[in-house]
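Chains as they are written, first to last, in my numbering: chain A, 3 to 225; chain B, 597 to 802; chain C, 6 to 267.
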């Protein structure tokens, strides 16, 4: 008798985040699929946690939902206990780690990415593995198209393998401006939607600056 | 890693430009995670045709050598040079002749047709199914990474210089996200006028 | 005196019997390792003013047509319908849970405060909790109703996976019915251009295709039509609906099995 498998292959397509000097971007497609079947073309995978924090968790979507619910509960209790003090992204990231590692022996099958503005006003991207190991990074991709997106981000966000034409030295890292970063996200996702069948329909981009939150939507291929 | 195609590692990519094509591969040869060589070239020249083989290294050497014999025989019998599409069909039928005991290779063919001047790139699976492309083809253990890079960097009608930069960045950045592809790169740019430029790329050695 | 060290400090075999180590090789206790009596697809779609859901009346025992009058649409509260596919005993458990929810919700507030998103969320948490106990409710659920006067349609499976879409279906329905329903409602918002009659026709057509090609389907089904009339929810559950205008002329063309003259 085969054992019941508590994990499934239902998931959102892919997501991606970029941190800038004064902004952070989190983007994901709105396709939800199980295997090769498209369940929904309009299922947002970006969760608004409040306190200027946004999260995507690619992987098994029932676990992803549970993780978001857990985090919302943690944040609510943090507010109750600390006179509605805003939860910083570094503390939210540690909390996420605690939740993930708390299920070390029955893990949440997800790769979460969290964005927010750090205490010093810079944009922050934190990414996690399913067991809770985490780090702050300049950019990160997760989900079905992570292998396609990640080398592109290395190349265009951190200038991997690019040389300065004048000096011939590795090109100096400079902070991207917001429009360049948004254009990169669009290029990355149109490319990924071309080759990864689980990615498509609509691209949802959340842009975080000191002035607040902006959401943008772009069409992706729908086949 | 019991998959024969992923024991030795390695990847290749080919792209079409304006009156030119480029083909590139990494230089690594490994046994699972252990790198044993950093000068294992995977691109072979057959007249004006450039063929990259990725996959199981022993099959890469066997098939590339057998193709050398078949190519030489063709040029002797036919008394003319072989066009890229002919080379592609030759590779395809060679692979299909081993339909039920395949060579574990993923070839690419790149070249320029000497009569029409049309650039030509083509990829195959291990049993010879041909995929002729109008832009680029990729193969190897970094296939996904190469697709991600190529889809976003590629533009139509690039000059030989632009094509070299694009294919190099595609290969290098893809290789850095695949543990068993890398240790340097090799790029050929083939132009319509017959000029062939071979360049070696320096890259991370880990 | 015991001379073997590993037996020291352990209960004596001659008094308590030998140690029973069988639990070490056993698996966790689970209830539904496989579904037994099952219902097949549930399908649903939105239209400009509401939602249509359908599920046939067959409960199969493997390939046996065991019960042919099984109701698989459950009305919960005053403006929500839950369609259930999969194990029928688990369906009955869900029915009881929904009854309990209705009762507890009616103590201090009127029961109509229970909306489709409430029920969707509640059921999702039950399904996820049961899968996490490795004791799943072996069902696929389609929830139809309203959210702030707008049509609401959602899906949950036995793992607690959930999503909303303008057209949803479980089982064979996801291959056979979804393409028919998506002709009318492909993406969110498309339901604005679909009338109740169009939606009902599409659902009936899909139920016909399912009856033709799903060997576990029946041509008798229930059809729930949820709409808003003057801002008030109107839930109409049609029972014993038949698949109409069946055309079996192609059956004669199929050769190779069954009774044939030649």
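Don't be surprised by glycine CBs; every beta carbon is placed ideally from N, CA and C.
In three-state terms, what does DSSP make of residue i?
i             : result
residue 95/A  : helix
residue 80/C  : strand
residue 679/B : coil
residue 71/C  : strand
residue 249/C : coil
residue 129/A : strand
residue 212/C : helix
residue 241/C : strand
residue 142/C : coil
residue 753/B : coil
residue 198/A : coil
residue 123/C : helix
residue 763/B : helix
residue 160/C : strand
residue 668/B : helix
residue 171/A : coil
residue 133/C : helix
residue 51/A  : strand
residue 199/C : coil
residue 193/C : coil
residue 774/B : coil
Output, in chain order, the set of chain A residues within a Cβ distance shorter than 8 Å of residue i.
i             : result
residue 770/B : 153
residue 52/C  : Under the 8 Å cutoff, chain A gives no residues; its nearest Cβ is about 17 Å from residue 52/C.
residue 46/C  : Per Cβ cutoff of 8 Å: no residues; residue 46/C is ~13 Å from chain A at best.
On the DSSP bridge list, what partners appear for residue i?
i             : result
residue 218/A : 207/A
residue 769/B : According to DSSP, which records beta bridges pairwise, residue 769/B is partnered with nothing at all.
residue 60/A  : 113/A
residue 269/C : Shown here, chain C extends from 6 to 267; a query on residue 269/C therefore has no answer.
residue 650/B : 702/B
residue 138/A : 128/A
residue 66/C  : 42/C and 69/C
residue 57/C  : 50/C and 230/C
residue 611/B : 618/B and 732/B
Which residues in chain A sit within 7 Å of residue i, going by Cβ to Cβ distance?
i             : result
residue 136/C : 8
residue 164/C : 8, 10 and 64
residue 141/C : 6
In chain B, which residues lie with their C-beta within 8 Å of the C-beta of residue i?
i             : result
residue 138/A : In chain order: nothing, as chain B lies at least about 19 Å away.
Within its chain, find whatever has a CB closer than 7 Å to the CB of residue i; leave out the 5 residues flanking it on each side and keep chain order.
i             : result
residue 165/C : 129, 132, 133 and 136
residue 646/B : 619, 639, 706, 707, 784 and 786
residue 25/A  : 125, 180, 209, 210 and 211
residue 54/A  : 118, 119 and 210
residue 74/C  : 62
residue 754/B : 613, 614 and 762
residue 193/C : 171
residue 144/C : 89, 90, 91, 92, 95, 96, 99 and 163
residue 700/B : 600, 601, 651, 652, 655 and 722
Quick one: list the residues of chain D neighbouring residue i, beta-carbon separation under 7 Å, in chain order.
i             : result
residue 196/A : The structure shown contains no chain D; its protein chains are A, B and C.
Could you pull out every residue in the same chain whose Cβ sits closer than 8 Å to the Cβ of residue i, ignoring the five residues on either side in sequence?
i             : result
residue 16/C  : 24
residue 642/B : 663, 664, 667, 678 and 683
residue 19/C  : none
residue 132/A : 61, 102, 109, 110, 111, 112 and 113
In chain order, what residues of the same chain lie with their CB nearer than 6 Å to the CB of residue i, ignoring the 5 residues before and after it?
i             : result
residue 774/B : 737, 738 and 741
residue 5/C   : Residue 5/C is absent from the structure shown; chain C starts at 6 and stops at 267.
residue 34/A  : 14, 41, 42 and 45
residue 49/A  : 57 and 70
residue 59/A  : 66, 69, 112 and 114
residue 101/A : 72
residue 97/A  : 76
residue 729/B : 717
In chain C, which residues lie less than 9 Å from residue i when you measure between Cβ atoms?
i             : result
residue 226/A : Since the first residue of chain A shown is 3 and the last is 225, residue 226/A is not available in this structure.
residue 67/A  : 129, 133, 165, 166 and 167
Listing by chain order, which chain A residues have their CB less than 9 Å from the CB of residue i?
i             : result
residue 160/C : 41 and 42
Chain C partners of residue i, CB-CB under 8 Å?
i            : result
residue 45/A : 168, 169 and 170
* Asked: Of the residues that make up the segment 148-166 of chain A, which ones have a beta carbon closer than 7 Å to any beta carbon in chain B?
  -> 149, 150, 151, 152, 153, 154, 156, 157, 162 and 163
>> Along the segment 47-65 of chain A, where does the CB come closer than 7 Å to a CB of chain C? Name the residues.
In response: 63 and 64
* Looking at chain B, which residues of the segment 22-41 of chain A have a Cβ within less than 9 Å of any of its Cβ atoms? -> none
In chain order, what residues of the segment 736-766 of chain B put their CB closer than 7 Å to some CB of chain A?
740, 741, 743, 744, 745, 747, 748 and 765
Report task. Identify each residue in the segment 771-782 of chain B for which the Cβ-Cβ distance to at least one residue of chain A is less than 8 Å, and report them in chain order. Result -> 772 and 773
Problem - Selection of the segment 181-194 of chain A by Cβ proximity to chain B, strictly under 7 Å - result: 189, 190, 193 and 194
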